[in-house]
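Residue numbers (the numbering used here): 1 to 561.
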């Protein structure tokens, strides 16, 4: 890939020096990376002012091991993190809000070879390896994502494998992640959301300097990391950059990332420029050369016991493709989004997670002007079953007037979908969504969730995202049934009750059983009636039905190491 070639080009010019071969009994040659490290780190240190009150540690002494990433929920196989001396000093605090903590990097199913319990590998701390399999059965009755009614019973299979090297060749590191996604017994047209065979999620090289920016106030390494290639990862609250773990296929990108600092530090800066990868289902995926995704994400954790603050800027620039599958693909677009997120706790009374984002730019001939925000507050109660209650409200603007020359529809970029709606009927656009959620954990292995949510359109003249074949799938043409430009179909999409039981069978096997009942509102009912096969007498048309749906699923996740 062109980005991997670029990485190798950098490496070749980085001033690597090889020390003279010294006579020894085994005649091995020792490679000295220190000269190269000094050259690159001196440049980086001159470019970056470190506001810590301490001088940058320019020594190349052995750095402390990296502090572990986020702790895992009890209902998934627990990662065996390496023992570290600064484990209790990390500034990082997880958010208690629902499904907003990014997956670790590398992903949580990955282990160091020394941690898999095989005596012969106990000293192999430099090799990361992981294997994961997931099977999910779904029963969907009268699914309104489709124009066809009836019952569908698909099986989704997803296999992943990871291999990566750290430490031993520092500052050079790499990671490769393979994924195979398939669906069986699916009666509908298969899209790139269900199938993507034999492909790569991660295939990158990186330069990693453990003390590139010295240490923080708690004496934790503050590294510099420059990564180039294909990568799949998550950031902030996962609403704009996510792997999309629920879905059978995964978001990935090709480009670069520059990280100053790490999750454990009091501050961190993540800079990136990437092209999203198009999932081609049965062929090797390719980067979308017409679209760039770029931005900067800051994290301030100095006061993380009370609040963590994440200001950020993200943007997209697209060159229209005349042969694009959707109308959006054919437009020249440029969207700029400044935003911020803050989360934390108010003593032991409640926790909070809030965000606000504004989008400016243009989409084809239209001026872009949209906004979105989320508010969640919750409380964990100090009882044996660890009860929690959470209240959430999310808003994303929709296009107010199709004829005013302004596009007000909020763009979720590459964020998750499922936490907005278990059925996947709505995402972070044209939405007003109040929710309440209860959680219980009677044991370390068993968890219960129960939630209720209502979905209103922010603008009755804009669309309800994923209903009646309206989703952008690059497989099925959008017939336009999910929008009423007159606004006469109303603004109430519907409401849903959802429940989930999670049980960890063993340290490597976890299961999930879930059910959701969606009750259609006036908008869904009116859109079905307006495009019913009983009235249109032409294809495509919508099978006449109430709009109410049932969704049952059972999932098994197996980590093989």
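For each residue, glycine too, the CB sits at the ideal point set by N, CA and C.
Residue i - containing alpha helix (DSSP H), residue span
i	result
residue 535	533-536
residue 524	522-530
Assigned secondary structure, residue i (DSSP; H/G/I helix, E/B strand, else coil)
i	result
residue 330	helix
residue 510	strand
residue 234	coil
residue 120	helix
residue 114	helix
residue 419	helix
residue 21	A caution first: residue 21 carries a pLDDT of 37, below 50, which makes its placement in the model unreliable, though a value can still be read off. Three-state result, residue 21: coil.
residue 282	coil
residue 89	helix
residue 188	coil
residue 384	coil
residue 27	With a pLDDT of only 40 at residue 27, under the threshold of 50, the placement of this residue in the model should not be trusted, and no figure is reported.
residue 539	coil
residue 466	coil
residue 374	strand
residue 546	coil
residue 363	strand
residue 181	strand
residue 603	The requested residue 603 is not part of the displayed model; the chain covers only 1 to 561.
residue 488	coil
residue 275	strand
residue 325	coil
residue 202	strand
Residue i CB to nearest heavy atom of the ligand GDP below 6 Å
i	result
residue 103	Absence of the ligand GDP is noted for the structure shown, with no ligands found whatsoever.
C-beta neighbour in chain B for residue i, strict 7 Å
i	result
residue 301	Annotation note: the requested chain B is absent from the structure, which comprises a single protein chain.
Residue nearest to residue i in terms of C-alpha spacing, selected from the options
i	options	result
residue 438	377, 467, 256, 238	377
residue 563	462, 340, 320	This structure does not reach residue 563, given that the chain is present from 1 up to 561, and the question cannot be answered.
residue 442	397, 501, 161	501
residue 131	160, 119, 117	160
residue 138	533, 515, 244	515
residue 381	255, 409, 347	347
residue 461	306, 173, 475, 430	430
residue 424	312, 464, 290, 127	464
residue 124	149, 166, 88	166
residue 162	313, 204, 308, 136	204
Neighbourhood of residue i by C-beta distance below 6 Å, restricted to the same chain and skipping five residues each side
i	result
residue 352	377
residue 233	105
residue 140	152, 551
residue 304	91, 93
residue 517	497, 550
residue 392	376, 435
residue 520	494, 547, 548
First and last residue of the uninterrupted beta strand (DSSP E) at residue i
i	result
residue 432	431-440
residue 162	155-165
residue 425	Counting along the chain, residue 425 falls outside any beta strand (DSSP E), and DSSP gives it neither H nor E.
residue 347	Here residue 347 belongs to no beta strand (DSSP E), and DSSP marks it neither H nor E.
residue 550	549-559
residue 314	307-318
residue 299	291-300
residue 471	Note, residue 471: premise wrong, no beta strand (DSSP E); not H, not E.
residue 449	446-456
residue 131	127-141
Separation of residue j from residue i, as counted between CA atoms
i	j	result
residue 6	residue 315	With a pLDDT of only 44 at residue 6, under the threshold of 50, the placement of this residue in the model should not be trusted, and no figure is reported.
residue 561	residue 156	22 Å
residue 452	residue 206	44 Å
residue 195	residue 279	9 Å
residue 512	residue 213	43 Å
residue 299	residue 235	11 Å
residue 402	residue 328	15 Å
residue 183	residue 556	15 Å
residue 479	residue 248	25 Å
residue 332	residue 276	16 Å
residue 415	residue 474	18 Å
residue 544	residue 481	13 Å
residue 523	residue 220	54 Å
residue 111	residue 129	6 Å
residue 148	residue 528	11 Å
residue 295	residue 230	17 Å
residue 100	residue 259	21 Å
residue 558	residue 503	12 Å
residue 354	residue 297	16 Å
Contacting residues, own chain, Cβ-Cβ under 7 Å from residue i (five flanking each side not counted)
i	result
residue 121	113, 114
residue 330	320, 321, 322, 324
residue 290	318, 319, 321
residue 432	395, 456, 458
Same chain, Cβ closer than 8 Å to residue i, five either side skipped, listed in chain order
i	result
residue 366	405, 406, 407
residue 370	358, 359, 396, 397, 407, 408, 409, 410, 411
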